[in-house]
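Peer 1:
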Amino acid sequence: MSQRSYEDPCGAALALDVVGERWALHVVRELIFGPKRFRDLRNGLPQASQNVLSQRLRELEHDGIVRRVDLGPPVSARVYELTERGRDLEPVLIALARWGAHQPAPGGATMSTDAFMLLLKALYRPPAGCAPALTIRLVVGVDAFDVDVTPSAVSVVRGATATVQATVRADVPTLLELIFTDRTVAAAIEAGDVEVTGDREVVQRFTRLFGK
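Take a look at the structure:
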């Protein structure tokens, strides 16, 4: 359990006793789409010191939010993953991401790949009277995510296992530009910032399905 407590029986206060410490919910966010090694968590949370991150992981593990597991061959690595109780925090994070998207972002800040994928789930806004259904793969660095869009929701799965209509390779700042500015997929491809295989029109439609 975290060192500080509100000593308040309100459910919200009890929840904050567990995940209210600095970086705690960030750790949960980075594990929403699957387990990670400590160094991968450090890469996703570069502003958190190693000591603070280790402390948050110990606290979250103690409170049953995170657990350590050993992956077998061919990976053979110790990783952190969310427990079922930890996964129950996903709708909380989505609601916070949706609410916080209206706040001005700090200049020069970099969004992690997992934070961006969660933002897609938070800010999905299908056009009125339209029922989009499409599946694309987003490749960011060494990570690949299959994104399935239905009329009611967006599903994001780490890994490249689904049959997709298009694959997009880009960094997070470019993807944010494509979604939240007037920059087109064609312009980004011409500039060399995006690689697309498959149906480009599907990719362009995808970028217009989100809004703050």
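Numbering (the numbering used here), first residue to last: 24 to 235.
The beta-carbon is built from N, C-alpha and C at its ideal position, and this holds for glycine as well.
Keep in mind that this is a model prediction, so the values were computed, not measured.
1) For T173, does the three-state DSSP call read helix, strand or coil?
2) In chain order, which continuous runs of the beta strand (DSSP E) of length 3 or greater are located wholly inside the stretch 140-227?
3) Quick check on the DSSP output: the alpha helix (DSSP H) that includes D40 runs from which residue to which?
4) Here's a check: name, in chain order, each residue in its chain whose Cβ is nearer than 7 Å to the Cβ of A138, leaving out the five neighbours to either side.
5) Which two residues bound the contiguous beta strand (DSSP E) that contains V47?
6) Roughly how far, in whole angstroms, is the beta-carbon of R81 from the beta-carbon of E104, given that I think they are within contact range, below 8 Å?
7) Sort G131, P32, Q78, R121 by Cα distance to A47 and report the nearest one.
8) What is the rounded straight-line gap between the Cα of V226 and the Cα of A183?
9) For V163, which of F233, V219, R121, P58 has the nearest alpha-carbon?
10) Is there contact between the stretch 195-209 and the stretch 125-145, where contact requires at least three CB pairs shorter than 8 Å?
11) Using alpha carbons as the reference points, say which of V191, P96, I159, L76 lies closest to A185.
12) Between which two residues does the alpha helix (DSSP H) holding A118 run?
13) Beta-carbon within less than 8 Å of A167's beta-carbon, same chain only, minus the 5 sequence neighbours each way: which residues are those?
14) If you draw a straight line from the C-alpha of R192 to the C-alpha of Q126, how long is it?
15) Identify whether A6 lies in helix, strand or coil by the three-state DSSP scheme.
16) Which same chain residues, not among the five before or five after G43, have their C-beta less than 6 Å away from its C-beta?
17) Going by Cα to Cα distance, which pick from D86, F61, F56 is closest to V75?
18) In whole angstroms, what separates the C-alpha of A120 from that of T230?
19) Please report the Cβ distance between K59 and V102, rounded to the nearest whole angstrom; I am assuming they are in contact, meaning their Cβ atoms lie under 8 Å.
20) Could you compute how far the alpha carbon of E213 sits from the alpha carbon of L232?
21) For V172 versus A156, is the C-beta distance shorter than 8 Å?
Peer 2: Let me spell this out:
1) coil
2) 157-163, 166-172, 177-181, 189-192, 218-221
3) Run containing D40: 34-42, per the alpha helix (DSSP H) assignment.
4) R52
5) The sequence shown places Ala at residue 47, not Val. That residue, A47, is in no beta strand (DSSP E); its alpha helix (DSSP H) goes 47-54.
6) The pair is not a contact, with the Cβ atoms about 15 Å apart (cut-off 8 Å).
7) Closest option to A47, Cα to Cα, is Q78.
8) 17 Å
9) V219
10) As far as the Cβ criterion goes, the stretch 195-209 touches the stretch 125-145, which means the pair count is three or higher.
11) I159
12) 113-123
13) Here A167 has R160, L161, R181, G182, A183 as same chain residues with Cβ atoms under 8 Å from its own Cβ, once five neighbours each way along the sequence are excluded.
14) Cα atoms of R192 and Q126: separation of roughly 28 Å, rounded to the nearest angstrom.
15) Here the chain comprises residues numbered 24 to 235, so residue 6 is not present and cannot be evaluated.
16) So no residue of the chain qualifies.
17) F61
18) Taking the straight line joining both Cα atoms gives about 18 Å.
19) 6 Å
20) 22 Å
21) yes
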